[in-house]
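As numbered in the UniProt record's numbering, residues 1 to 177 make up the sequence shown, in order.
Below is one structure, written out as structure tokens; the observations come after it.
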Amino acid sequence: MYSRLRSPRGQLPDNYLAAIWRLPGGYLAATWQLFGGYLAAIWRLFGSYLAAIWQLFGSYLAAIWRLSGSYLAAVWQLFGGCLAAIWQLSGGCLAAIWRLSGSYLVRFHISSISYEFYFVRVLFRAVLFRAVLFRAILFRASSIPYPVLFHSGSTPCEFYTVAPPKELPGIQLSEIL
């Protein structure tokens, strides 16, 4: 007698095979769901940590940016103030120099000082009267006498008052080189 539940040739019935097949499939499904749940939990946790780190980093960056921005603004204002002060000071000095040189130019022009340059032979006395040197020196001729300092390697420094060429004693205008 053969039963329907029993297969010929010693094989198990279909419901036993299905039960055996369902058992590892159920274990695989449970393992897959558990693994997926853990992965989802880890993913959510990692995402929340990343979001917290991102917010913290963003707030630190914002604070650093505000701080450095205020420092930059302070440095910029200080630098601008110093530049403005230097600009005003140099402008005032330039204006004073301009006015001073302008007043001198006006005085020179008004007093009609003529500046002509001449080469004049000048007598240099050497130390202990060893030598007498004549040198051609460039002088300016003016209507006002002015002091001139002569200095040579072997002669001491001496001051001479140079008068206009027509008033120099002993030198004729024809002797001017």
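Even for Gly, the Cβ is constructed at its ideal location relative to N, Cα and C.
- A direct Cα-to-Cα measurement between PHE35 and LEU50 gives close to 22 Å.
- Around THR31, the same chain offers no residue with a beta carbon nearer than 8 Å, after the five sequence neighbours per side are excluded.
- Between the alpha carbons of TRP65 and LEU56 lies a distance of about 14 Å.
- It is roughly 16 Å from the alpha-carbon of ALA18 to the alpha-carbon of ALA29.
- In this structure, the alpha-carbon of GLY91 lies about 26 Å from that of ALA73.
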